[in-house]
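Chain order of the listed sequences is X and B. The opening position of the first sequence corresponds to residue 1 in full-length UniProt numbering, with each subsequent residue numbered one higher. The opening position of the second sequence corresponds to residue 1 in full-length UniProt numbering, with each subsequent residue numbered one higher. In what follows, a single structure is set out as structure tokens and then discussed.
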Amino acid sequence: MINLIYGDLYKLRKSGAAKVCFLISCVCAFFLIYIAHKIFAGDLDASVGGSASGLGDIVIVSVLGPFMAGTFICHDFNSKTIHDAIACGNGRSNVIISKAIVYMLAIAALVIPYAAAIVTAYGMGIEIGMPFVISPFLNILSEIGGTQVEVIKICKIIVLSFIAMLVHGARLSFCIPLAFKMRKTGIIILIANVVCFLIDLVIRLLDEIPLIGSIVKWTPYAAGIFNVTMKTSAGELLKITGISIGFYAIMIAVTYVLFRKADIK
Amino acid sequence: MKEYVLKTMNVSKSFRNFWALKDVSITLEAGKIYGLIGQNGAGKTTLMKMIAGLSFPTAGTIELFGHSNQKERQSALKRIGCLIEYPGVEGKLSASENLKVHRIMRGIPNKELDQELLELVGLKGVGKKKVKDFSLGMKQRLGIAIALLGNPEFLILDEPINGLDPLGVVEIRKLIKRMCEEKNMTILISSHNLPELFQTATDYIIIDKGEIKKTLTQEELEDSCQHYIRIECREPEKLAEVLESKLKTVNYKVMQDKSIQLYEYLEEKEYVAKTIFENGIIPTHFSVRGDTLENYFISVIGGEQND
Numbered sequence: 001m002i003n004l005i006y007g008d009l010y011k012l013r014k015s016g017a018a019k020v021c022f023l024i025s026c027v028c029a030f031f032l033i034y035i036a037h038k039i040f041a042g043d044l045d046a047s048v049g050g051s052a053s054g055l056g057d058i059v060i061v062s063v064l065g066p067f068m069a070g071t072f073i074c075h076d077f078n079s080k081t082i083h084d085a086i087a088c089g090n091g092r093s094n095v096i097i098s099k100a101i102v103y104m105l106a107i108a109a110l111v112i113p114y115a116a117a118i119v120t121a122y123g124m125g126i127e128i129g130m131p132f133v134i135s136p137f138l139n140i141l142s143e144i145g146g147t148q149v150e151v152i153k154i155c156k157i158i159v160l161s162f163i164a165m166l167v168h169g170a171r172l173s174f175c176i177p178l179a180f181k182m183r184k185t186g187i188i189i190l191i192a193n194v195v196c197f198l199i200d201l202v203i204r205l206l207d208e209i210p211l212i213g214s215i216v217k218w219t220p221y222a223a224g225i226f227n228v229t230m231k232t233s234a235g236e237l238l239k240i241t242g243i244s245i246g247f248y249a250i251m252i253a254v255t256y257v258l259f260r261k262a263d264i265k
Numbered sequence: 001m002k003e004y005v006l007k008t009m010n011v012s013k014s015f016r017n018f019w020a021l022k023d024v025s026i027t028l029e030a031g032k033i034y035g036l037i038g039q040n041g042a043g044k045t046t047l048m049k050m051i052a053g054l055s056f057p058t059a060g061t062i063e064l065f066g067h068s069n070q071k072e073r074q075s076a077l078k079r080i081g082c083l084i085e086y087p088g089v090e091g092k093l094s095a096s097e098n099l100k101v102h103r104i105m106r107g108i109p110n111k112e113l114d115q116e117l118l119e120l121v122g123l124k125g126v127g128k129k130k131v132k133d134f135s136l137g138m139k140q141r142l143g144i145a146i147a148l149l150g151n152p153e154f155l156i157l158d159e160p161i162n163g164l165d166p167l168g169v170v171e172i173r174k175l176i177k178r179m180c181e182e183k184n185m186t187i188l189i190s191s192h193n194l195p196e197l198f199q200t201a202t203d204y205i206i207i208d209k210g211e212i213k214k215t216l217t218q219e220e221l222e223d224s225c226q227h228y229i230r231i232e233c234r235e236p237e238k239l240a241e242v243l244e245s246k247l248k249t250v251n252y253k254v255m256q257d258k259s260i261q262l263y264e265y266l267e268e269k270e271y272v273a274k275t276i277f278e279n280g281i282i283p284t285h286f287s288v289r290g291d292t293l294e295n296y297f298i299s300v301i302g303g304e305q306n307d
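Listed below in structure tokens is the structure:
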């Protein structure tokens, strides 16, 4: 399995699409912090925040994440990389797990620019006001921006960023069974984007039903899961981490059930 | 004791109500080149995919290197290489980068292997050219190179000479034969190019509508297909003497029915007839017989077997 991961990472390194996605994420992260600071400083009107909300990590990862699934999973069916992996003796579970790990790393790579942006902004003493879009990174910077730089706070930012990566990955993990089942890049991107944009809305509407509400709070789609701040307790952070990892594992298990006896054309 | 690389026992495969394979039982011995011959849709690729673990039989068992248990068979897949349908390559990478990806996936650390294999399949000078700019034949060569990674003991090639130029066809044929001779590799090739398969394979498996119609060795096929002059007469011993002394040939066979099959002088039938007559032999039957490979194949799948 480790060899499959190395192979995928090599392809990721060589992938122009991955580099473009990373660049988009970097640009959006930079402008998100820049606009937030300019609004705080009064140089920009607060209404700009509405337009700039699309720069937030939730939107960007929701758009680019399915694209990554299409590129690294569906495309591997088209290029027969997955065929070759199975035909040279790798079990289907190993193929799925290696893809899931690399997919999580790809999502993490989309989130890293945001983490780097707030660490940089914190180090430069940049302040922002109340976040104009839901984002754990803006939450963090709004709390500590402009305060004295402390190593312990930087470490906490890194931990919170890591947890944000896990949550993003878990929220997009439904792309994995979808990609293994459908195997068509365009369809995955279309379906996953629609799901990403609607799922929070639908869940909020259904949240009032007690049974659904009690299930949803144990998924990465729970309300407020992105409201992590520097003051969030360790217990709460562990719970969020556990939910994210658990949900990701469930999606991997679902993928295995779908794929284990499937004919690969 | 014969060493079997592959055994399939009554393997069948259905897709909804369509049976792509029915009770396919074949045995492949180590160190031979098997030509799998069949029309489009006969079941060749379906069979190859099942051997490679990409598909599962609806019924029957597959034994690979003596392992029929799924887990052990999966492990045994490490000893095979395959090129099924079209080559699996990344268009945006170069040939050596493609090989590198597959080599990394197999856990092979030897970096020099990439260039060695490219040279082996005739892709030495492609440099950094992206595979998406390759011709079909070049992609096919790369696919063969990928299949050869890990030095497989059993190679499965689905129409490997598709898109190759005549020189490429010869090169790949020589490569396949060399692999078989030097490394005792077992090779299963499917092809529509029967004359080319005839020059490459040692054994043949004819498949039609999902069923194995015939398996035969090279010698059996040659006997069935080779052209000859069939001569019947009352004195076959005298005829044999005339063939050896006057026509200077021993390339003939005396059949059980006392007729003689002469495998030479096919373009000089009149000369043969004249020589026989001048030496006092009156032929009661004189004709040219034998099948082309295509006609033989058609006769087999048509149901009339040339026994």
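All C-beta atoms in this analysis are idealised placements derived from N, C-alpha and C, irrespective of residue type, glycine included. Note that the structure is predicted; figures quoted are calculated from it, not measured.
Interface criterion not met: the Cβ of B/VAL126 is under 8 Å from no Cβ in chain X. Residue ranges of uninterrupted alpha helix (DSSP H) with 4 or more members, entirely inside the stretch 12-59 of chain X and ordered along the chain, are 16-40, 48-52. Taking C-beta atoms as the reference points, B/LEU54 and X/ILE97 fail to come closer than 8 Å. Listed along chain B are VAL101, HIS102, ILE104, MET105, each with a C-beta nearer than 8 Å to that of X/GLY7. Separation of the CB atoms of X/VAL111 and X/ALA164 is rounded to 6 Å, and the pair is thereby assigned contact status at 8 Å. Look at the beta carbons and you see the stretch 62-74 of chain X not touching the stretch 89-101 of chain B: under three pairs across the two are nearer than 8 Å. Below 8 Å, too few C-beta pairs join the stretch 77-91 of chain X and the stretch 204-211 of chain X to call them touching: fewer than three.
In summary, the residues of the stretch 53-87 of chain X whose CB is separated from some CB of chain B by less than 7 Å are SER79, LYS80, THR81, HIS83, ASP84, ALA85, ILE86, ALA87, in the order they occur in the chain. In this structure, DSSP gives B/ASN10 an extended state, which the three-state scheme calls strand. Neighbours of B/GLY43 across chain X, judged by C-beta separation under 9 Å, do not exist; the nearest C-beta is about 14 Å away. Between X/GLY145 and X/ILE126, the C-beta spacing is below 8 Å. Bounds of any beta strand (DSSP E) do not take in B/ARG141; it lies within the alpha helix (DSSP H) bounded by 136-147.
In the three-state reduction of the DSSP assignment, B/GLN39 falls in the coil class. Chain-order list of chain X residues neighbouring B/LEU54: HIS83, ILE86, ALA87, ASP263, ILE264, LYS265, by C-beta distance under 9 Å.
DSSP places B/ASP257 outside both helix and strand once states are collapsed to three, so it counts as coil. Within the stretch 91-114 of chain X, the residues whose Cβ lies closer than 7 Å to any Cβ of chain B are, in chain order, GLY91. Look at the beta carbons and you see the stretch 102-114 of chain B not touching the stretch 44-63 of chain B: under three pairs across the two are nearer than 8 Å. In the structure shown, X/GLY246 adopts helical secondary structure according to DSSP, grouped into three states.
For B/GLY81, DSSP records a beta bridge to B/LEU155.
Considering only X/SER51, X/SER214, X/ILE212, X/SER244, the residue with the shortest C-alpha distance to X/ILE225 is X/SER244. The DSSP-derived three-state label of B/VAL24 is strand. X/LEU105 places its beta carbon 8 Å or farther from that of X/ALA121. Contact residues of the stretch 4-33 of chain X toward chain B are LEU4, TYR6, GLY7, TYR10, LYS11, LYS14, SER15, GLY16 (C-beta to C-beta distance below 8 Å).
Ranked by how close their Cα comes to the Cα of X/GLY54, the residues X/SER135, X/VAL216, X/PHE259, X/THR219 have X/SER135 in first place.
Less than 8 Å separates the beta-carbon of B/GLY210 from that of B/LYS22. DSSP, read as helix, strand or coil, puts B/HIS67 in strand. Of all residues in the stretch 54-81 of chain B, the ones placed with a Cβ closer than 9 Å to any Cβ belonging to chain X are LEU54, SER55, PHE56, LYS71, GLN74, SER75, ALA76, LEU77, LYS78, ARG79, ILE80, GLY81, in chain order. The residues PRO220, SER244, PHE247, TYR248, in chain order, have a CB closer than 6 Å to that of X/ALA170 in the same chain once the five nearest residues on each side in sequence are set aside.
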